Amino acid sequence: MINFEEEIKKFQPSLDVDQAEEAIYNNNLTDVTDIIGEILKDIKK
539 MINFEEEIKK FQPSLDVDQA EEAIYNNNLT DVTDIIGEIL KDIKK
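Numbering (this note's numbering), first residue to last: 539 to 583.
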């Protein structure tokens, strides 16, 4: 039978997941709110 408490103690997240998370959070992506903000600025001009 699997001892879940022991398995949880041994668990270490994959480095690939950590690297992907860092790349996603550090990437400055344009989203819908940025686009709408730019459109509103252009309309006000």
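All C-beta atoms in this analysis are idealised placements derived from N, C-alpha and C, irrespective of residue type, glycine included.
Model, not experiment: these values are computed from the prediction.
Is residue i helix, strand or coil when you go by DSSP?
| i | result |
| --- | --- |
| residue 548 | helix |
| residue 567 | coil |
| residue 540 | coil |
| residue 579 | helix |
Determine the direct distance from the alpha carbon of residue j to that of residue i, and round the result to whole angstroms.
| i | j | result |
| --- | --- | --- |
| residue 563 | residue 556 | 11 Å |
| residue 541 | residue 548 | 11 Å |
| residue 573 | residue 561 | 22 Å |
| residue 558 | residue 568 | 18 Å |
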